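Quick notes on the structure that follows.
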Amino acid sequence: MSGLRVEFKGGKEALARLDAIPAKAKMAVVMALNDTGESLRADVLREIGAEVNIKRVLLRERIRLTRATKGRMAVRIWAMKKGLVLSHFPHKQLWKKGKNGKRRPAGVQVNVSGRTSVMDGAFIVKSAGSGSTDGLIFVRYGPKREMSERRGAGPNGYDLLRQRIRALYGPSPSQILNTRKPDFEAQGENILEREVRRQLERAKL
Numbered sequence: 000m001s002g003l004r005v006e007f008k009g010g011k012e013a014l015a016r017l018d019a020i021p022a023k024a025k026m027a028v029v030m031a032l033n034d035t036g037e038s039l040r041a042d043v044l045r046e047i048g049a050e051v052n053i054k055r056v057l058l059r060e061r062i063r064l065t066r067a068t069k070g071r072m073a074v075r076i077w078a079m080k081k082g083l084v085l086s087h088f089p090h091k092q093l094w095k096k097g098k099n100g101k102r103r104p105a106g107v108q109v110n111v112s113g114r115t116s117v118m119d120g121a122f123i124v125k126s127a128g129s130g131s132t133d134g135l136i137f138v139r140y141g142p143k144r145e146m147s148e149r150r151g152a153g154p155n156g157y158d159l160l161r162q163r164i165r166a167l168y169g170p171s172p173s174q175i176l177n178t179r180k181p182d183f184e185a186q187g188e189n190i191l192e193r194e195v196r197r198q199l200e201r202a203k204l
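Going by numbering that gives the first Met the number 0, the first residue of the sequence shown is number 0, and it counts up by one from there.
Put into structure tokens, the structure is as follows:
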């Protein structure tokens, strides 16, 4: 899977400062890198979740960690490029009075990154989406179809909808991570420096 990644390779520099590179020292640095990756990923999930107003459990599935090994002295935190459906963010259906006093959808109110906006004409389809949402938010687009164009032209001979619809998406995890990438890389280097010292002391090196 593709996606933006945050990468730091301070383990090589730490090893270069040692006169000798026994296996014990190398393993200490690998452990320091992986502890750094776990700590930084937890910080990324917490800070981004608070910033864009979304549950960390949803981000945890989409912001992932590739651990360091003896053969690869690097830790990578990367995020998927696919956007999050808008119904993952706090939202509610708005209504207005239609003919005969019946309610009609009047748009959907959504809060992303602490900013509330109204998507005019949007509506929620409860039967769509997954168990982690209450449906998907759709909006109509394009020209309206005439009855002659709609009739019998859908699957199994059903009539088509009067107008096309598309699901709405919010920012992707990689877009969110990209806005904070330099900060997180610097934060990771600071954590790594402490972790290398701690692991070397534990290994009595």
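Note that beta-carbon positions come from the ideal geometry of N, C-alpha and C, so glycine has one too. Keep in mind that this is a model prediction, so the values were computed, not measured.
Could you give the distance in angstroms between the alpha-carbon of residue i and the alpha-carbon of residue j?
i              : j                : result
asparagine 117 : proline 170      : Going by the sequence as given, residue 117 is valine instead of asparagine. Near 16 Å, if we compare the C-alpha coordinates of proline 170 and valine 117.
valine 74      : glutamate 37     : 10 Å
glycine 100    : leucine 93       : 15 Å
threonine 65   : valine 43        : 15 Å
arginine 55    : arginine 114     : 18 Å
alanine 185    : tyrosine 157     : 57 Å
glutamate 145  : arginine 165     : 19 Å
aspartate 175  : serine 112       : Here residue 175 is isoleucine; the residue named in the question, aspartate, does not match the sequence. Using only the alpha carbons, I get a separation of about 10 Å.
lysine 23      : threonine 35     : 18 Å
glutamate 60   : leucine 83       : 11 Å
leucine 167    : leucine 191      : 39 Å
threonine 132  : asparagine 52    : 15 Å
glutamine 198  : valine 124       : 52 Å
lysine 205     : asparagine 110   : Since the first and last residues shown for the chain are 0 and 204, residue 205 lies out of range.
alanine 152    : leucine 160      : 10 Å
lysine 95      : phenylalanine 88 : 23 Å
isoleucine 62  : lysine 98        : 47 Å
Which partner residues of residue i appear in the DSSP bridge assignment?
i              : result
arginine 63    : Trp77
lysine 96      : Arg102
lysine 209     : It is not possible to answer for residue 209, since the shown part of the chain is limited to 0 through 204.
arginine 71    : Thr68
valine 117     : Gln108
valine 29      : Note: valine 29 sits in no beta bridge, so no partner.
tryptophan 183 : Looking at the sequence shown, residue 183 is not tryptophan but phenylalanine. Phenylalanine 183 pairs with nothing; no bridge assigned.
valine 124     : Leu135
Which term fits residue i, buried or exposed, when burial requires 16 or more other beta carbons within 10 angstroms of its beta carbon?
i           : result
proline 172 : buried
serine 86   : buried
leucine 39  : buried
alanine 31  : buried
glycine 187 : buried
Flag this pair as yes or no: are the beta carbons of residue i and residue j separated by less than 8 Å?
i             : j             : result
serine 126    : glycine 120   : no
glutamine 162 : arginine 139  : yes
isoleucine 47 : leucine 57    : no
alanine 78    : asparagine 33 : no
valine 195    : valine 28     : yes
isoleucine 76 : valine 107    : no
Query - alpha helix (DSSP H) runs contained entirely in the region 136 to 165, provided each spans 4 or more residues - result: Counting only unbroken stretches of 4 or more residues, the alpha helix (DSSP H) elements lying wholly within the region 136 to 165 are 146 to 149, in sequence order.
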